[in-house]
Amino acid sequence: AQTVTQSQPEMSVQEAETVTLSCTYDTSENNYYLFWYKQPPSRQMILVIRQEAYKQQNATENRFSVNFQKAAKSFSLKISDSQLGDTAMYFCALSNNNDMRFGAGTRLTVKP
Amino acid sequence: GAVVSQHPSRVICKSGTSVKIECRSLDFQATTMFWYRQFPKQSLMLMATSNEGSKATYEQGVEKDKFLINHASLTLSTLTVTSAHPEDSSFYICSASEFRGPSPETQYFGPGTRLLVL
């Protein structure tokens, strides 16, 4: 069974600062994909970043980057230069063979 | 690219009636579509997975006769909540993925449907 754990129910950060959201997972598979999705108050799920487990290089998308530690089964998200529009629920997810499992989410608030 | 639409965005119905929700992939062929349910302040709970032209695979505890899923084409899946009751009130979200596309295993989500059963 695949499980995803997000141990930070809520976090806050000052605008323009950097914040890191934690995620750990468990799987017996060797090939899988990891994701961070953002769900703002509109409740639209938006893909933030994607990492393929067989790639050692950490994925980056503009202000968003991940720290992927395969051996430790850790997949944290770093948001640099936080903006007010980054306020949202953030879900970490793991997918293998189209079976995607989500963490419980972290509610991030960016303060002006 | 990778846009998924979902209609209606909000529906209110009387107890005992059926409600159909449509999910469409607008610019890609969705080999697999997924239906989730989300309660307030909770994560997404997978209800079922459907491949085009095949019967849906339901998660344990989800009544397949109550939540009818049809995936008749590579761009359309529907979820019908039959004989809806107040406990079926929730936020339903669909997603789609393209198995042989440039980003396999990535699910693209619709905007969701808020169902309220009176």
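In the order they appear, the protein sequences are chains A and B. Anchor point for the first sequence: position 10 equals 16 in this note's numbering, and the numbering is continuous, going up by one each time. Anchor point for the second sequence: position 94 equals 102 in this note's numbering, and the numbering is continuous, going up by one each time. Here a beta-carbon is modelled for each residue, glycine too, at the ideal position from N, C-alpha and C.
Beta carbon proximity, residue i to chain A, threshold 8 Å
i      : result
P119/B : yes
S62/B  : no
L123/B : no
S51/B  : yes
T57/B  : yes
Beta carbon proximity, residue i to chain B, threshold 8 Å
i      : result
A59/A  : no
A77/A  : no
N73/A  : no
M17/A  : no
Q63/A  : no
G91/A  : no
R69/A  : no
L114/A : no
F81/A  : no
Q8/A   : no
Y39/A  : yes
Buried or exposed by the 16-neighbour rule on C-beta atoms within 10 Å, applied to residue i
i      : result
I101/B : buried
E67/A  : exposed
D87/A  : exposed
H79/B  : buried
E113/B : buried
Y60/A  : exposed
Own chain partners of residue i with C-beta closer than 6 Å, once the 5 adjacent residues on each side are dropped
i      : result
K28/B  : T86, T88
V116/A : V19, E21, S88, L90, D92, T93
T40/B  : N59, S105
Cβ shell of residue i (< 8 Å), same chain only, five flanking positions each side left out
i     : result
Q57/A : Y39, L40, F41, N64, A65, V72, F74, F81
S62/B : H79
* To do: Determine which residues of the segment 89-116 of chain B have a Cβ less than 9 Å from any Cβ of chain A, and write them out in chain order.
  => Answer set for the segment 89-116 of chain B: F99, I101, S103, S105, F107, S111, P112, E113, T114, Q115, Y116.
* Check whether the segment 77-95 of chain B touches the segment 110-119 of chain B, taking contact to mean three or more Cβ pairs, one atom from each stretch, closer than 8 Å. => Too few Cβ pairs lie closer than 8 Å, so no.
* Contacting positions in the segment 34-51 of chain B - beta carbon closer than 7 Å to chain A -> So the list reads T40, S51, given in the order they occur along the chain.
* Asked: Is it a yes or a no for the segment 21-37 of chain A touching the segment 80-94 of chain A, going by three-plus beta-carbon pairs under 8 Å?
  -> Because the criterion of three Cβ pairs below 8 Å is met, the segment 21-37 of chain A and the segment 80-94 of chain A touch.
* To do: Would you check if there are 3 or more beta carbon pairs closer than 8 Å linking the segment 67-78 of chain A to the segment 102-111 of chain A?
  => Not touching, per the Cβ criterion.
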